[in-house]
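Remarks on the structure that follows.
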């Protein structure tokens, strides 16, 4: 059994157990997709069955990642299948495990509130949104927020960070952001925010049809409603 229960792979040339960052990001993207669908389904349709199924899967997936072996995690296996033709990007396993403990802790709270107790509380909405933010930041930007917390707490143990952010280096020219580009970013985000606010809170008033106006539209019709004189 010990041959299967371990965390991280031994790869020649690395003095620490590693994981494939591409696989981890793909797995995060898959979880984010279904998590976002379940959240919006619950928020808009007030139907929580899909959310309960997803939260249960989310919790079991992280239990397998941490307590069994990441190579048996369903979401990571799907991620591996999607990126198997890409060159692996190795990152140190310890900070990933620490970050995934955060995911497991949040999933246990959600499972208790949503599946076991089935209670309506703002706390579960906040936790769901937090999980979505953590998943999206890793899938879209390659930023492992849990890993950054690990790096801050255990500076002497930091190795092989995602995106090589632990290495001291200068930004290359293609990575720098000019003032004009910053203005474009700020303007774009501002327009998106204002548009979203306008669509969400501005509802045009449609004048209600009165009986008189309705009857006037029926003057030219041969068959008038009984209430029109």
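Residue numbers (our numbering): 353 to 581.
Glycine residues also receive a C-beta, built at the ideal position from the N, C-alpha and C atoms.
Fair warning: this is a prediction, and the values are worked out from it, not measured in the lab.
Check	Outcome
Should the stretch 487-497 be regarded as contacting the stretch 422-438, the criterion being three or more beta carbon pairs within less than 8 Å?	no
Under the three-state reduction of DSSP, which class applies to residue 442: helix, strand or coil?	strand
Is the stretch 451-465 touching the stretch 409-422 in the sense that three or more CB pairs, one from each, lie closer than 8 Å?	yes
At the level of alpha carbons, what is the spacing between residue 369 and residue 391?	35 Å
Between residue 459 and the rest of its own chain, which residues show a CB-CB distance below 6 Å, the 5 nearest in sequence each way excluded?	410, 411, 414
Inspect the beta-carbon positions of residue 378 and residue 434 and report whether they are closer than 8 Å.	yes
Considering only DSSP beta bridges, list what residue 361 is partnered with.	370
Whose C-beta lies closer than 6 Å to the C-beta of residue 517 among residues of the same chain, with five residues either side of it excluded?	none
Whole-angstrom Cβ separation of residue 467 and residue 407, contact assumed at under 8 Å?	6 Å
By alpha-carbon positions, which one of 527, 389, 425, 524 ends up nearest to residue 584?	Summary: the structure shown does not reach residue 584, with the chain confined to residues 353 through 581, and so no result is reported for it.
Drop a sphere of 10 angstroms on the beta-carbon of residue 403, count the other beta-carbons inside from all chains shown, and report buried for 16 or more, exposed for fewer.	buried
Where residue 514 and residue 442 are concerned, what is the direct C-alpha to C-alpha distance, given to the nearest angstrom?	8 Å
If residue 487 sits next to residue 384, beta carbons under 8 Å apart, how far is it from one beta carbon to the other, in whole angstroms?	4 Å
Quick check: what's the CA-CA separation for residue 362 versus residue 500?	23 Å
What is the DSSP secondary structure of residue 436, reduced to helix, strand or coil?	coil
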